[in-house]
Each structure stands twice: as structure tokens, then as C-alpha cells.
Amino acid sequence: MIKVLFVCLGNICRSPMAEAVFRDILVKEKLTDKIEVDSSGIEGWHVGKMPHHGTRKILDKQQISYEGMKARQVSKKDWKNFNYIIAMDDQNIKDLQKINSQNEEIIVAKLMDFVEEREEQEVPDPYYTGNFDYTYELVTEGCSHLLSYIREKHNI
Ligand code: 4NP
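Under the numbering used here, think of the first position of the sequence shown as 48, with each following residue one higher.
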């Protein structure tokens with residue numbers, strides 16, 4: 048099983064959106080027996096909470112399920128459980144390196160790194176921008192490229 052963990056600051060806006068979008072693609076592509084997905088936050092401020100209403104609103108509009116999803120904080124153990132830790136911005140990467148800087152042969156990268164002709168290097172935080180539509184656009188683009196990368200690398 049290949050395991051992907053999306054990480055953002057609070058785990059209520061961007062990374063749960065990415066988790067839901069990525070899982071939706073996995074279901075449609077019949078890959079749920081090969082690839083698993085989860086999300087977590089650098090900070091524990093919103094632990095146990097469901098995604099932000101802005102994230103829920105756009106997922107509802109796109110008919111993408113976020114059922115049962117609850118915020119949690121990233122932990123050092125995640126480096127043992129996941130093959131990919133996919134962050135949203137440069138600050139997430141810095142914070143992740145503070146939690147665990149050892150290379151455990153897993154890929155730690157930003158979602159937009161997988162998009163070759165990208166207009167953004169980071170996924171903007173809609174908690175501050177209020178623009179959940181634009182974040183959704185980037186998240187879907189990123190997830191689709193990330194999946195292509197994983198399929199090619201692992202031959203699936
Ligand atoms: P996220 O956005 O990292 O995309 O979940 C944020 C959520 C909450 C806060 C900041 C960013 N906050 O300050 O509570």
C-alpha cells in the first residue's frame with residue numbers, strides 16, 4: 048500500500064480539501080486498494096474539528112465526500128507510516144523539517160512541485176485569502192499530477 052499524507056497549517060482548509068479530492072480520484076480510478084490518503088496539520092489548534100465551512104462548501108458543490116474527516120496534528124510517527132508527505136507551502140516544509148529532518152526514504156514535497164507548468168509554487172491559504180475556489184482549482188490540478196507521478200513511479 049502506498050500512503051500519502053497531505054499537510055497544511057491547521058488541517059481544516061487546504062489539506063483536508065486535498066485529502067477529499069485525492070480520495071475522490073482514487074475511488075473513480077479504482078485505486079483505493081493500492082493507495083491510501085490522510086491529512087494532518089502542523090498545529091493542533093483545530094484537532095477533532097471537521098473541515099472549514101469554505102472547504103465543505105466547495106466539496107459539497109463538487110459532490111466530493113469529506114465524511115468522517117477530522118483534523119489532527121502531524122506527528123513524528125507519520126514518517127514511518129507514509130510514503131509521501133505533501134505540504135501546501137514553504138513554511139509547512141520548514142516546519143516539517145523541524146519535526147523530522149531525517150530522510151526515511153520518503154518523499155516530502157509541496158503539492159505544486161508536481162505541476163510542471165505551474166502558475167503558483169504554493170497553495171494559497173483560503174483561511175486568509177477567503178478564495179476557496181482558487182485553492183480548489185490548484186488542489187485538483189496538483190492532485191491529478193501527484194497521482195500521475197505515483198502511478199508512473201510505482202507502475203500502477
Ligand atoms: P489551513 O488554513 O492550514 O489550510 O487549514 C488555516 C486554518 C486555520 C488557521 C490558519 C490557517 N488558524 O489560524 O486557525
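Note that the Cβ used here is the ideal one computed from N, Cα and C, for glycine as well.
It should be emphasised that the depicted structure is a prediction, and the values quoted were computed from it without experimental measurement.
Distance between residue j and residue i (C-alpha atoms, nearest Å)
{"i": "ASP71", "j": "TYR174", "result": "23 Å"}
{"i": "SER191", "j": "LYS123", "result": "27 Å"}
{"i": "ASP180", "j": "ILE105", "result": "7 Å"}
{"i": "ASP125", "j": "VAL51", "result": "10 Å"}
{"i": "LYS77", "j": "ASN139", "result": "30 Å"}
{"i": "ASP137", "j": "LEU56", "result": "11 Å"}
{"i": "ALA118", "j": "GLN149", "result": "25 Å"}
{"i": "ILE132", "j": "THR79", "result": "18 Å"}
{"i": "GLY91", "j": "ILE59", "result": "11 Å"}
{"i": "LYS108", "j": "LEU194", "result": "23 Å"}
{"i": "ASN147", "j": "GLY177", "result": "31 Å"}
{"i": "GLU169", "j": "ASP142", "result": "15 Å"}
{"i": "ASP160", "j": "GLY189", "result": "8 Å"}
{"i": "LYS145", "j": "ILE89", "result": "10 Å"}
{"i": "LYS81", "j": "LYS96", "result": "28 Å"}
Contact test: residue i Cβ vs the ligand 4NP heavy atom, cutoff 7 Å
{"i": "ARG61", "result": "yes"}
{"i": "TYR174", "result": "yes"}
{"i": "CYS55", "result": "yes"}
{"i": "HIS93", "result": "yes"}
{"i": "GLY88", "result": "yes"}
{"i": "ASN58", "result": "yes"}
Option nearest residue i by Cα separation, candidates the options
{"i": "SER112", "options": "LYS145, ALA67, THR79 and HIS93", "result": "ALA67"}
{"i": "THR187", "options": "LEU158, TRP92 and GLU152", "result": "LEU158"}
{"i": "ILE203", "options": "ILE59, ASN58, CYS60 and LEU73", "result": "LEU73"}
{"i": "MET135", "options": "LEU185, LYS108, GLU199 and ILE49", "result": "LEU185"}
{"i": "VAL121", "options": "ARG198, MET48 and VAL94", "result": "VAL94"}
{"i": "MET48", "options": "LYS108, THR102, PHE129 and PRO171", "result": "PHE129"}
{"i": "ILE154", "options": "PRO171, LYS127 and ASP172", "result": "LYS127"}
{"i": "GLN110", "options": "LYS75, LYS81 and GLN144", "result": "LYS75"}
{"i": "GLY101", "options": "ASP172, ARG198, LYS200 and LYS145", "result": "ASP172"}
Beta-carbon proximity of residue i to residue j, cut-off 8 Å
{"i": "TYR196", "j": "MET64", "result": "no"}
{"i": "SER62", "j": "PHE53", "result": "yes"}
Counting pairs of Cβ atoms below 8 Å between the segment 67-86 and the segment 157-177, do you hit three or more?
Result no; under three Cβ-Cβ pairs closer than 8 Å.
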